[in-house]
Structures are given as structure tokens and as C-alpha cells.
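Reviewing the structure listed below.
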Amino acid sequence: MAITLPELPYKKDILEPHISGRTLAFHYGKHHNAYVTNVNKLLEGTDLADETLENIIKKTANRSDQTGIFNNAAQVWNHAFYWQSMKPGGGGAPSGAAAKKIISDLGSYDMFAQKFKDAALTQFGSGWAWLLMKNGTLEVMKTSNADTPIARGLKPLLTVDVWEHAYYLDYQNRRGDYIDSFVQNLINWDFVNFNLLSAT
Ligand code: MN
Numbered sequence: 014m015a016i017t018l019p020e021l022p023y024k025k026d027i028l029e030p031h032i033s034g035r036t037l038a039f040h041y042g043k044h045h046n047a048y049v050t051n052v053n054k055l056l057e058g059t060d061l062a063d064e065t066l067e068n069i070i071k072k073t074a075n076r077s078d079q080t081g082i083f084n085n086a087a088q089v090w091n092h093a094f095y096w097q098s099m100k101p102g103g104g105g106a107p108s109g110a111a112a113k114k115i116i117s118d119l120g121s122y123d124m125f126a127q128k129f130k131d132a133a134l135t136q137f138g139s140g141w142a143w144l145l146m147k148n149g150t151l152e153v154m155k156t157s158n159a160d161t162p163i164a165r166g167l168k169p170l171l172t173v174d175v176w177e178h179a180y181y182l183d184y185q186n187r188r189g190d191y192i193d194s195f196v197q198n199l200i201n202w203d204f205v206n207f208n209l210l211s212a213t
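Residue numbers (the working numbering): 14 to 213.
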């Protein structure tokens with residue numbers, strides 16, 4: 014069972030002007046695609062080859078002899094989750110279950126936004142910022158490089174990619190502007206609400 018590149022859930026230019034079609038063409042078509050190609054190459058002939066992507070990630074996490082498989086598998090998963098974390102006309106304050114849960118666990122939408130932006134901005138070098146569920150409570154977390162909360166059994170609800178390839182064509186070194194734009198204009202709260210349903 015080979016790992017496949019999932020369809021992008023929208024047209025490449027639909028997140029403009031916040032993320033350009035050019036960025037998505039490279040980010041999805043080159044970067045995400047390369048992780049898929051690499052992980053399939055590395056899995057060939059191993060006893061992990063028939064496992065699901067999630068199981069491959071869990072089984073290779075913290076294994077110093079499996080970092081190649083872990084890094085590429087986790088990046089395949091993280092990117093698929095990132096595409097779904099965005100939608101055109103998204104961002105701003107949520108509605109539904111996410112709105113209530115954010116207020117009860119994180120204080121307010123503004124406190125969530127501040128925490129999430131801080132995590133994304135202070136991730137030194139490449140990585141990801143997350144909203145996730147841990148023991149029934151919402152938390153904001155950052156991970157470096159390919160690392161992913163699912164390797165630790167946590168339940169991600171939302172992510173933003175802060176590797177430079179995610180924003181450099183559009184924002185150059187201004188990661189903060191990219192993150193602000195993600196929070197204000199792109200967060201797919203429908204996806205967060207959907208993930209919340211299966212998180213409790
Ligand atoms: Mn990326």
C-alpha cells in the first residue's frame with residue numbers, strides 16, 4: 014500500500030492574496046509531493062510498507078534508525094492537515110463548538126489568537142504551530158521540523174506551516190505577516206469543528 018499525495022482541497026490560487034497560487038504550486042506540487050515520493054522509496058521492502066501513514070509515524074517516532082521514514086511520513090501527514098486547516102474567506106473568530114471550547118479552555122478568542130501567533134512566530138527555524146486537544150483540553154503547541162503531535166498520541170485540530178517554503182515567495186522574511194494573515198483570513202473553523210467532534 015503506497016502512500017499517496019492527497020488532492021488539494023481547492024484550486025491553487027484560491028487563497029490569494031494571502032497565499033499565492035505560485036506558493037501553493039511549489040509547496041504542494043514540489044515539497045509535499047517530494048515527501049510522498051521519498052517516504053515510498055524509503056518504505057520499499059520494509060515491514061512498515063503495509064502500515065497506514067499514522068501507524069508509520071507512530072512506530073518510527075523517536076527511533077534514531079528511522080528518522081528518514083519518520084521525517085518524510087510526518088511531513089506527508091502534516092501538509093495534508095495544513096491544506097485542510099485553510100479555506101478562502103476563513104479566519105477571524107470561530108462559531109459553534111470551537112468558539113465555546115476556546116473560551117472555556119483558553120479564555121477568549123483573542124487569547125487563542127495571541128498564543129497561536131506567538132507559538133508560530135517563536136518556533137526557531139522550521140516547524141509547525143498547532144491547536145490540539147490534550148486530555149480533553151485545548152492547547153497551543155509548536156513542533157520543530159517534521160515533528161507532529163500525532164506521534165505523541167495528541168489530537169490536532171489546526172496547524173500552520175512555518176517552514177520558510179510556506180511563505181517566502183509571498184512574504185520573504187516577514188513570518189509575522191504570514192501568520193497574522195493566516196489567523197485573520199484563512200483558518201478553516203469548519204475543519205476545527207469537525208476535528209473537535211471526534212476529539213472527545
Ligand atoms: Mn511545508
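Heads up, the beta-carbon is just placed ideally off N, CA and C, and yes, glycines get one too.
Burial state of residue i, where buried means 16 or more other Cβ atoms lie within 10 Å
i: K54; result: exposed
i: G58; result: exposed
i: H40; result: buried
i: G104; result: buried
i: H31; result: buried
i: A142; result: buried
i: I69; result: buried
Per-residue DSSP class, three states only, for residue i
i: D176; result: Contrary to the premise, residue 176 reads as Trp rather than Asp in this sequence. Coil, per DSSP.
i: L209; result: helix
i: L167; result: coil
i: I82; result: helix
i: I32; result: coil
i: I200; result: strand
Range of the contiguous beta strand (DSSP E) that encloses residue i
i: E152; result: 150-157
i: A142; result: 140-147
First through last residue of the alpha helix (DSSP H) which encompasses residue i
i: S194; result: 188-194
i: T161; result: Neither: T161 is in no alpha helix (DSSP H) and is coded neither H nor E.
i: K24; result: Unbroken run through K24: none, as it is neither H nor E.
i: M99; result: Looking at the DSSP string, M99 is not in any alpha helix (DSSP H), and its letter there is neither H nor E.
i: L55; result: 46-56
C-beta contact flag for residue i and residue j at 7 angstroms
i: Y95; j: T172; result: yes
i: S139; j: W176; result: yes
i: N206; j: A111; result: yes
i: Y191; j: Y181; result: no
i: M99; j: L210; result: no
Distance cut-off 6 angstroms: residue i Cβ against heavy atoms of ligand 3
i: M146; result: Ligands displayed in this structure: ligand 1; ligand 3 is not among them.
- request: List in chain order the residues whose CB is within less than 6 angstroms of at least one heavy atom of ligand 1.
  value: H40, H44, H92, D174, W176, H178, A179
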